[in-house]
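>
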Amino acid sequence: MNLKSIKPIAVLVSICIVVAALLGAVNLLTKDVIAENAIRKEQESLRKVLSGGDIFEEVSIGEEDGLPGTVKTVYRETKGIGYVVLLNTRTEYSSGDMAISVGISIDGKVEGALVTNYQESKDMGKTTYPEKFVGTSLKDYQNVDTVSGVTYSSSAFKAAIGDALKAVELLFADGSASIERSPALLLSTSSEGAVPAGSSDINDIFPNNSFTKKELNSSAPEHLVALYSNSADETLIAHLVVPGEWVPIATEAFVTFDKYGKIADMKLTQWVVGHGVNPDSSFAEGFIGKYDSTVGFTDLVSGATGTSRDLRNAVSEVAAFLTQSVDKANPKYHFPEENWTPVELTADAPEYLAALYKSTTSNNTVAHVIVPGEWVPVASEAFILYNELGRIVDFRLTKWIVGHGVEPDEDFIDGFCGKYEGDVDYVDLVSGATGTSVDLRNAVSDISDFIVKDVDTSNPKHHFPEEDWTPVELGADAPEYLAALYKSMTSDRTVAHVIVPGEWVPVATEAFVLYNRWGTIVDFKLTQWVVGHGVNPSSSFIDGFIGKSIEAVKETELVTGATGTSVDLRSAVSEVSEYLSPNKTSHTVLGIILISLTVLSIVAVTVIPRAIIYKKARNSK
Amino acid sequence: MKTETTKLSTFLKGLIAENPVLVLVLGTCPTLAQTSSVINAISMGIATMIVLICSNAVISALRKIIPDTVRIPCYIVVIATFVTVVDMLMHAFLADLHSIMGLYLKLIVVNCIILGRAEMYARKNSVLDSALDGAGMGIGFLLALLAMALVREVLGAGTITIFPGNPFEIPFLKDYNLPILTQAPGGFLVYGIVIAIVNKIGPKKGEGKRKNFSCDGCPSASICRKDSCTLNTEIAANSAAKEEKI
Numbered sequence: 001m002n003l004k005s006i007k008p009i010a011v012l013v014s015i016c017i018v019v020a021a022l023l024g025a026v027n028l029l030t031k032d033v034i035a036e037n038a039i040r041k042e043q044e045s046l047r048k049v050l051s052g053g054d055i056f057e058e059v060s061i062g063e064e065d066g067l068p069g070t071v072k073t074v075y076r077e078t079k080g081i082g083y084v085v086l087l088n089t090r091t092e093y094s095s096g097d098m099a100i101s102v103g104i105s106i107d108g109k110v111e112g113a114l115v116t117n118y119q120e121s122k123d124m125g126k127t128t129y130p131e132k133f134v135g136t137s138l139k140d141y142q143n144v145d146t147v148s149g150v151t152y153s154s155s156a157f158k159a160a161i162g163d164a165l166k167a168v169e170l171l172f173a174d175g176s177a178s179i180e181r182s183p184a185l186l187l188s189t190s191s192e193g194a195v196p197a198g199s200s201d202i203n204d205i206f207p208n209n210s211f212t213k214k215e216l217n218s219s220a221p222e223h224l225v226a227l228y229s230n231s232a233d234e235t236l237i238a239h240l241v242v243p244g245e246w247v248p249i250a251t252e253a254f255v256t257f258d259k260y261g262k263i264a265d266m267k268l269t270q271w272v273v274g275h276g277v278n279p280d281s282s283f284a285e286g287f288i289g290k291y292d293s294t295v296g297f298t299d300l301v302s303g304a305t306g307t308s309r310d311l312r313n314a315v316s317e318v319a320a321f322l323t324q325s326v327d328k329a330n331p332k333y334h335f336p337e338e339n340w341t342p343v344e345l346t347a348d349a350p351e352y353l354a355a356l357y358k359s360t361t362s363n364n365t366v367a368h369v370i371v372p373g374e375w376v377p378v379a380s381e382a383f384i385l386y387n388e389l390g391r392i393v394d395f396r397l398t399k400w401i402v403g404h405g406v407e408p409d410e411d412f413i414d415g416f417c418g419k420y421e422g423d424v425d426y427v428d429l430v431s432g433a434t435g436t437s438v439d440l441r442n443a444v445s446d447i448s449d450f451i452v453k454d455v456d457t458s459n460p461k462h463h464f465p466e467e468d469w470t471p472v473e474l475g476a477d478a479p480e481y482l483a484a485l486y487k488s489m490t491s492d493r494t495v496a497h498v499i500v501p502g503e504w505v506p507v508a509t510e511a512f513v514l515y516n517r518w519g520t521i522v523d524f525k526l527t528q529w530v531v532g533h534g535v536n537p538s539s540s541f542i543d544g545f546i547g548k549s550i551e552a553v554k555e556t557e558l559v560t561g562a563t564g565t566s567v568d569l570r571s572a573v574s575e576v577s578e579y580l581s582p583n584k585t586s587h588t589v590l591g592i593i594l595i596s597l598t599v600l601s602i603v604a605v606t607v608i609p610r611a612i613i614y615k616k617a618r619n620s621k
Numbered sequence: 001m002k003t004e005t006t007k008l009s010t011f012l013k014g015l016i017a018e019n020p021v022l023v024l025v026l027g028t029c030p031t032l033a034q035t036s037s038v039i040n041a042i043s044m045g046i047a048t049m050i051v052l053i054c055s056n057a058v059i060s061a062l063r064k065i066i067p068d069t070v071r072i073p074c075y076i077v078v079i080a081t082f083v084t085v086v087d088m089l090m091h092a093f094l095a096d097l098h099s100i101m102g103l104y105l106k107l108i109v110v111n112c113i114i115l116g117r118a119e120m121y122a123r124k125n126s127v128l129d130s131a132l133d134g135a136g137m138g139i140g141f142l143l144a145l146l147a148m149a150l151v152r153e154v155l156g157a158g159t160i161t162i163f164p165g166n167p168f169e170i171p172f173l174k175d176y177n178l179p180i181l182t183q184a185p186g187g188f189l190v191y192g193i194v195i196a197i198v199n200k201i202g203p204k205k206g207e208g209k210r211k212n213f214s215c216d217g218c219p220s221a222s223i224c225r226k227d228s229c230t231l232n233t234e235i236a237a238n239s240a241a242k243e244e245k246i
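So the protein lines, in turn, are chains A and B.
Counting from 1, one number per residue, gives the positions in the first sequence under this note's numbering.
Counting from 1, one number per residue, gives the positions in the second sequence under this note's numbering.
#1: Taking the straight line between their C-alpha atoms, what separation do you get for A/V278 and A/D394?
#2: How close, in whole Å, do the beta carbons of A/K461 and A/D468 come, if the pair is a contact with beta carbons under 8 Å?
#3: What does the alpha-carbon distance come out to for the pair A/H223 and A/M489?
#4: Kindly indicate if chain A contains any beta-carbon less than 8 Å away from that of B/L250.
#5: Taking only the alpha-carbon atoms, compute the straight-line gap between B/M44 and B/Y176 and give it to the nearest angstrom.
#6: By the DSSP assignment, the beta strand (DSSP E) with A/I447 in it spans what residues?
#7: For a contact meaning CB atoms closer than 7 Å, what does A/I34 contact in chain B?
#8: Find the nearest neighbour of B/L178 within the set B/G187, B/L146, B/L155, judged by alpha-carbon distance.
#9: I'd like the span of the beta strand (DSSP E) that includes A/A367, first residue to last.
#10: Going by DSSP in three states, A/F640 sits in which element: helix, strand or coil?
#11: On the DSSP bridge assignment, give the partners of A/D327 in chain order.
#12: The ligand SAM and A/T563: does any heavy atom of the ligand fall closer than 7 Å to the residue's C-beta?
#13: Find out if the Cβ-Cβ distance for the pair B/G165, B/L26 is shorter than 8 Å.
#14: I'd like the span of the alpha helix (DSSP H) that includes B/A154, first residue to last.
#15: Taking Cβ to Cβ, would you say A/V115 is nearer than 8 Å to A/P130?
#16: Count the CB pairs spanning the region 47 to 61 of chain B and the region 80 to 90 of chain B that are closer than 8 Å, and state whether there are at least three.
#17: Helix, strand or coil for A/A99 per DSSP?
#18: Should B/L62 be labelled buried (16 or more other beta-carbon atoms within 10 Å of its own) or exposed?
#19: Return the CA-CA distance between B/G158 and B/P167, expressed in angstroms with no decimal places.
#20: Looking at C-alpha atoms only, which residue of A/A347, A/I370, A/W340, A/N363 is the closest neighbour of A/Y672?
#21: Using a Cβ-Cβ cutoff of less than 6 Å, which residues in the same chain neighbour A/P221 once the five nearest sequence positions on both sides are dropped?
#22: What does a CB cutoff of less than 8 Å around A/T88 pick up in its chain, not counting 5 residues either side in sequence?
#23: Roughly how many angstroms lie between the CA atoms of A/N363 and A/A21, to the nearest whole one?
#24: Who are the Cβ neighbours of A/E510 in its own chain at under 6 Å, not counting the five residues just before and after it?
#25: Quick one: does B/C74 have its CB under 8 Å from some CB of chain A?
#26: Using CA coordinates, which residue listed in A/N208, A/K4, A/A159 is at the minimum distance from A/Y141?
#27: Go through its chain and collect everything with a Cβ distance to A/L138's Cβ below 8 Å, but skip five positions before and after it.
#28: May I have a chain-ordered list of the beta strand (DSSP E) segments no shorter than 3 residues that lie completely inside the region 497 to 562 of chain A?
#29: Taking the C-alpha atoms as reference points, what is the distance between A/T128 and B/S60?
#30: Going straight from the alpha carbon of B/M148 to that of B/G186, what length do you get?
#31: Mapping the DSSP letters down to three states, classify B/D121 as helix, strand or coil.
#32: Which residue wins for smallest C-alpha separation from B/R123, given the options B/R71, B/A17, B/D87?
#33: With A/A367 and A/G373 assumed to form a contact (beta carbons below 8 Å), what rounded beta-carbon distance in angstroms separates them?
#34: How big is the Cα-Cα spacing for B/K251 and B/M137?
#35: Which chain A residues are close to B/P67, counting only those with a beta carbon under 7 Å from its beta carbon?
#36: Closer than 7 Å, Cβ to any Cβ of chain B: which residues of the region 12 to 32 of chain A, in chain order?
Shown next, in the form of structure tokens:
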């Protein structure tokens with residue numbers, strides 16, 4: 001194999017790689033737009049046959065509905081003005097299918113019809129013939145004559161119109177949506193007929209339980225029909241009925257609240273068949289775990305926004321009503337799994353730490369934070385759960401400005417979870433609410449520092465809590481800046497505690513570096529640095545160490561403006577990596593042997609057969 | 001003595017003198033398929049022009065790197081990439097035009113004009129010249145399509161469609177038109193007539209002193225063995241020179 005043979009392949013492969021990257025980039029740029037265009041085009045095509053229609057949602061249909069075979073898709077207009085049925089039909093003499101769209105009003109009359117795809121050469125009047133069916137219903141569409149000269153095509157079209165009208169009749173009897181009830185309710189069907197909407201019996205929904213119905217006063221929310229308590233587990237069950245503003249019937253649900261006011265379960269017992277708000281959708285599950293201040297952030301159902309919003313608002317009102325007398329300043333309301341005892345705050349406690357609580361069953365801590373509103377008219381208030389290592393486990397924002405960027409469901413709040421005192425300062429702020437988010441983040445940072453002052457931060461478990469670590473004695477040849485070494489008790493990983501004295505800055509730079517068995521850096525925690533200096537936990541310099549092998553550490557990019565400190569740290573980490581490198585020599589030798597074997601194999605496969613053939617040819621001459 | 005070509009002449013030759021559709025007779029398939037309405041012709045012309053310019057420029061830039069043995073696969077990869085990029089961008093930002101063009105947008109990959117110009121021109125000339133050649137050929141292609149579309153749609157349907165879905169109806173012609181012109185036979189008919197007109201009024205071919213034979217002007221250069229062709233020419237020239245000496 002020579003260069004001449006390799007070059008064309010290399011050039012072609014290189015070109016392919018570059019164009020693949022270009023196509024990937026363009027695809028990233030355009031795929032969302034294309035998807036939106038497809039949805040918009042589909043909706044526009046449906047509006048052509050049902051004028052006045054706005055948003056259409058697909059109705060799920062199956063064999064059990066008994067629809068004609070020509071019906072492919074059925075859409076319902078979300079404002080309730082009608083339906084669109086898409087059909088495929090053909091005649092025995094046509095070469096392809098005829099695709100038809102039919103718009104049908106809520107009272108079962110054809111609003112519009114279109115042939116969207118048909119290849120026959122003779123035109124049956126693609127726009128004029130369908131117009132003849134406008135205004136017809138299931139009773140009189142047969143009176144429209146077929147077109148002479150295209151009898152088969154026009155007959156097939158007329159039959160399709162009939163199929164569309166029948167489909168709507170079957171799915172939505174008398175123009176209204178069919179109602180599906182929970183199977184449990186069938187038990188309560190009286191001999192006189194079906195149970196009227198909104199009067200489900202709780203004992204059918206939760207059999208084998210004993211419930212006590214509670215009195216509701218005049219301040220109870222409008223949609224709360226009844227409230228029950230289950231004495232066995234101290235739960236409350238709210239029976240809600242939300243009238244149908246967007247759909248023809250009410251939505252009914254039973255919502256279970258635990259004794260702390262958190263939603264434990266939600267059962268939909270009445271919904272519209274084929275509608276987005278149904279027991280199979282993830283909408284009901286989204287309420288579980290929510291409490292009064294976060295119910296409002298449950299995701300709505302796309303295509304059933306109105307109905308899902310009404311139900312969510314109703315649940316939110318009920319949640320607020322049920323917890324109005326609960327002491328929300330008690331950490332048990334937010335973290336009910338443990339019991340909490342207040343801790344006296346010392347004089348050096350941070351300004352915004354309103355209260356501190358220790359768990360009686362573990363080493364967890366809850367901090368109650370109140371940050372006065374400097375940029376907004378109310379204070380921001382939160383309860384933060386720390387584990388025994390001073391790491392934030394949970395963050396509950398309990399007071400905020402509605403519509404402001406700092407709210408419970410924002411990434412800003414989620415960004416605190418998992419952080420410890422070293423990297424709280426690097427939680428991303430909220431664009432448009434920078435002042436408030438900075439104040440809150442600074443407060444949390446001060447509190448985190450305060451909480452860990454009694455935590456041994458030189459313990460590697462504080463930084464890498466997933467494993468247990470045991471100290472390793474350092475040899476005489478250990479690098480100067482290696483302060484301590486720890487081995488994992490459950491894997492082959494190692495943690496090196498590195499301290500580099502400050503030659504360019506007034507404090508030492510300190511870090512905990514996690515290595516795998518091959519000496520590759522897996523994680524890097526900078527634990528002491530100069531605030532505002534280029535070498536800090538969020539800089540790309542620190543991230544640049546991760547994944548570096550022993551040889552590659554030296555090539556980590558330095559920090560512009562902090563070259564001296566970053567050079568010192570990089571050199572120290574490089575020396576530590578080499579000190580830790582396991583059996584480097586044997587790996588090198590093994591690598592050389594493997595490469596040699598590979599080269600020899602290639603030579604053997606390519607050269608030896610040629611030599612044999614050459615020898616034979618020479619001998620035959 | 002070889003005549004030096006200017007940048008302007010490089011650009012202009014694609015418009016009439018070496019119009020790819022009407023003189024070189026390349027890209028006949030999209031020409032016939034996409035000239036039933038003006039908007040189709042404009043869309044196809046612009047898309048082809050963009051692909052021509054980009055592919056010519058890139059192939060010219062890579063001409064010294066791409067070995068001869070794999071030049072055709074490399075050219076096709078480059079051309080297909082630009083066609084795909086144009087397809088995706090049109091699908092996202094010009095969805096109406098994209099649906100009008102349908103499958104013919106993707107078929108630009110196999111348009112002879114693009115591979116032909118890459119082979120005949122871009123691999124031998126600078127990036128700027130190649131881009132200008134691509135632009136000239138592209139505009140020539142667009143103008144040829146536009147000319148045919150105007151005839152076919154106006155006389156065949158009595159309308160002119162500039163904006164998708166909004167045909168402008170021409171009085172009298174809307175009621176009295178020749179629908180065959182919008183069909184395939186009519187397309188060939190119009191194509192033949194337009195070629196005849198261009199041949200009549202354009203630069204004469206086949207007349208005058210025959211210059212040095214060169215493969216550059218030969219439409220079949222990409223499929224014949226160019227080396228063999230050049231070699232034969234040199235042999236013939238050498239033989240002729242020897243005979244003169246004798």
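Ideal Cβ placement from N, Cα and C applies to all residues, glycine included.
Since we're looking at a predicted model, the values are computed, not measured.
Straight from the coordinates:
#1: Note that residue 278 of chain A corresponds to Asn in the displayed sequence, not to Val. So the alpha carbons of these two residues sit roughly 31 Å apart.
#2: Confirmed, about 7 Å.
#3: One Cα belongs to A/H223, the other to A/M489, and the distance between them is close to 57 Å.
#4: The requested residue 250 of chain B is not part of the displayed model; chain B covers only 1 to 246.
#5: Taking the straight line joining both Cα atoms gives about 28 Å.
#6: A/I447 -> not in any beta strand (DSSP E); alpha helix (DSSP H) instead, spanning 434 to 451.
#7: The answer, in chain order, is H91, A92.
#8: The closest CA to that of B/L178, considering only B/G187, B/L146, B/L155, is found on B/L155.
#9: For A/A367, the enclosing beta strand (DSSP E) stretches over residues 365 to 371.
#10: This structure gives no information on residue 640 of chain A, because the portion of chain A shown stretches from 1 to 621.
#11: Looking at the DSSP assignment, A/D327 forms no beta bridge with any residue, so it has no partner.
#12: Looking at this structure, you won't find the ligand SAM or any other ligand, since it has none at all.
#13: Taking 8 Å as the Cβ cut-off, B/G165 and B/L26 do not qualify as a contacting pair.
#14: Before going further, note that residue 154 of chain B is Val rather than Ala in the sequence given. Looking at the DSSP string, the run of the alpha helix (DSSP H) that includes B/V154 is 127 to 157.
#15: With contacts defined by Cβ atoms closer than 8 Å, A/V115 and A/P130 form a contacting pair.
#16: Counting C-beta pairs with one atom in each stretch, the region 47 to 61 of chain B and the region 80 to 90 of chain B have three or more that are closer than 8 Å, which means they touch.
#17: Note: A/A99 maps to strand in three-state DSSP.
#18: Per the 10 Å Cβ criterion, buried.
#19: Linking B/G158 to B/P167 through their CA atoms gives a straight-line distance of about 9 Å.
#20: With chain A covering 1 to 621 only, the question about residue 672 of chain A has no answer from this structure.
#21: Hits under 6 Å: E317, V318, F321.
#22: According to the sequence provided, residue 88 of chain A is Asn. The question's Thr does not apply to it. Spatial neighbours of A/N88 in its own chain (CB-CB distance under 8 Å, excluding positions within 5 residues in sequence) are listed in chain order as T70, K72, D97, M98, A99, I100.
#23: So the alpha carbons of these two residues sit roughly 51 Å apart.
#24: Within the same chain, and ignoring the five residues on either side of A/E510 in sequence, the residues whose Cβ sits closer than 6 Å to its Cβ are I499, T527, Q528.
#25: B/C74 belongs to the set of residues whose beta carbon lies under 8 Å from a beta carbon in chain A.
#26: If we check each option's Cα against that of A/Y141, A/A159 comes out closest.
#27: Correct list, in chain order: G108, G162, L165, K166, E169.
#28: Considered as a whole, the region 497 to 562 of chain A harbours 509 to 515, 521 to 528 as its complete beta strand (DSSP E) runs of no fewer than 3 residues, in chain order.
#29: Cα to Cα, the separation comes out at about 55 Å.
#30: A straight line joining the alpha-carbon of B/M148 with that of B/G186 spans about 11 Å.
#31: The sequence given here has Tyr at residue 121 of chain B, not Asp. Shown here, B/Y121 sits in coil according to DSSP, grouped into three states, outside any helix or strand.
#32: If you compare the alpha carbons of B/R71, B/A17, B/D87 with that of B/R123, the shortest gap goes to B/R71.
#33: A Cβ-Cβ separation of about 19 Å leaves A/A367 out of contact with A/G373 under the 8 Å criterion.
#34: The displayed coordinates of chain B run from 1 to 246. Any statement about residue 251 of chain B would go beyond what the structure contains.
#35: Taking the beta carbon of B/P67 as reference, the chain A residues within 7 Å of it are K7, P8, V11, listed in sequence order.
#36: So the list reads L12, I15, C16, V19, L22, L23, V26, N27, T30, given in the order they occur along the chain.
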